[in-house]
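Numbering (my numbering), first residue to last: 802 to 1054. Glycine is no exception: its CB is placed at the ideal position from the N, C-alpha and C atoms. Scroll down for the structure; my scribbles are underneath it.
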Amino acid sequence: MNTHAIRAIYRFEMSRTFRTALESILSPVLSTSLYFIVFGAAIGSRMGDLGGVSYGAFIIPGLIMLSLLNESISNASFGIYLPKWSGTIFELLSAPVSYFEAVIGYVGAAATKSLMLGLLILVTARIFVPYQIAHPFWMLCFLVLTAVTFSLFGFIIGIWADSFQRLQVIPLLIVTPLTFLGGAFYSIDMLPEPWRTFTLFNPVVYLVSGMRWSFYDIADVNVWLSAGAIVAFLIACLIGVSWIFKTGYKIKA
């Protein structure tokens, strides 16, 4: 394995993040802080506890998942689309770098940025509300698995997209609505039938529920279903990336 190539791609992507720290890191953290102010302080003060947890603390896992999904997809898709758009993808394709090594470099950098952001949001949340993490190990597992999985998904979107506008189609029109409707700001047990049953077809429900369980030991669905959902999506993304490189789908376009 060409570790020098992986390290070069990884370091280049990470350096681009720190060059644009205001847009890449500070902006999402400020946006999440506004959620805490509006939902946690303004609305949360008028709501009772949910499962024995204050509303401000209850929404922390959902906000982390919302940021993690969007940032993982955005970082990875932009990272691979930019070389396609500028034409520098040909330098990568002509270099002694395998597709597998390129994926590790780009996806690894995107996942690292997302994990950094998730941890920053955890620190920011402490300013607004007190919280405890019941299962720190599983919380980290959900963070890492989600960041890697959706960075792979973002990589696929970056290969598929043929314009900057298309990079935003799936995150804005599919992922964000599914996250808002997936229990990020409420428990799905609060929904009447048949909406509660319909909500169980939303895959983001399982991600948010698993993350919330790792914090407060409460969940809308079984935690093993949550773990199985994220692993299944990870396998699907790995299969998708493998198919892209086997067929050469839009690699050079």
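At 3 residues or longer, what runs of the beta strand (DSSP E) sit wholly inside the stretch 940-967? none
Any chance the stretch 1012-1030 sits against the stretch 930-937, with 3 or more Cβ pairs inside 8 Å? yes
Burial state of Phe965, where buried means 16 or more other Cβ atoms lie within 10 Å: Counting from one through the sequence shown, the residue named residue 965 turns up at place 164. By the neighbour-count rule (16 or more Cβ atoms within 10 Å), Phe965 is not buried but exposed.
State the Cα-Cα distance for the pair Val970 and Arg808, rounded to the nearest angstrom. Residue 970 sits at position 169 when you count from the first residue of the sequence shown. Residue 808 sits at position 7 when you count from the first residue of the sequence shown. Looking at the two C-alpha atoms, the distance is approximately 30 Å.
From Val1006, Tyr900 and Leu918, residue whose alpha carbon lies closest to that of Ser834: Numbered from its first residue, the sequence shown carries residue 834 at position 33. Here the closest residue by C-alpha is Leu918.
So, is Pro862 buried or exposed, given that buried needs 16 or more other C-beta atoms within 10 angstroms? Locating residue 862 in the sequence shown gives position 61, where the first residue counts as 1. That one is buried.
Sort Val949, Val1032, Ile860 and Phe951 by Cα distance to Ile922 and report the nearest one. Position 121 of the sequence shown holds residue 922. Ranking Val949, Val1032, Ile860 and Phe951 by Cα distance to Ile922 puts Ile860 first.
Does Leu851 come out as helix, strand or coil in the three-state DSSP assignment? Taking the sequence shown and counting its residues from 1, the one referred to as residue 851 is at position 50. If DSSP states are grouped into helix, strand and coil, Leu851 belongs with the strands.
Continuous alpha helix (DSSP H) assignments of at least 4 residues falling wholly in the stretch 998-1022: 1004-1017
So what's Met802 in DSSP terms, helix, strand or just coil? The sequence position of residue 802 within the sequence shown is 1, counting from 1. DSSP places Met802 in coil when its eight states are reduced to three.
Rounded separation between Ser832 and Leu864 - CA only: Taking the sequence shown and counting its residues from 1, one reaches residue 832 at position 31. Taking the sequence shown and counting its residues from 1, one reaches residue 864 at position 63. Approximately 10 Å, taken between the alpha carbons.
For the putative contact between Phe951 and Ser873, defined by C-beta atoms under 8 Å, what is the C-beta separation to the nearest angstrom? What you label residue 951 is simply residue 150 of the sequence shown in a count that begins at 1. What you label residue 873 is simply residue 72 of the sequence shown in a count that begins at 1. About 4 Å; that satisfies the 8 Å criterion.
Report yes if the CB atom of Ala806 is closer than 8 Å to the CB atom of Val898, and no otherwise. Here residue 806 is taken as the residue at index 5 of the sequence shown, counted from 1. Here residue 898 is taken as the residue at index 97 of the sequence shown, counted from 1. Going by C-beta atoms, Ala806 is nearer than 8 Å to Val898.
Excluding five sequence neighbours on each side, which residues of the same chain lie with their C-beta closer than 6 Å to the C-beta of Val1005? Position 204 of the sequence shown holds residue 1005. Counting only Cβ-Cβ distances below 6 Å, and skipping sequence neighbours, we find Leu979, Thr980 and Gly983.
From what residue to what residue does the alpha helix (DSSP H) around Val924 run? Here residue 924 is taken as the residue at index 123 of the sequence shown, counted from 1. Run containing Val924: Tyr900 to Phe929, per the alpha helix (DSSP H) assignment.
Could you please give the first and the last residue of the uninterrupted alpha helix (DSSP H) stretch that includes Glu892? As a working mapping, residue 892 is identified with position 91 in the sequence shown. Here the alpha helix (DSSP H) through Glu892 covers Ile890 to Ser895.
Alpha carbon to alpha carbon, what distance is there between Gly1011 and Ser1043? As a working mapping, residue 1043 is identified with position 242 in the sequence shown. As a working mapping, residue 1011 is identified with position 210 in the sequence shown. Cα to Cα, Ser1043 sits roughly 28 Å from Gly1011.
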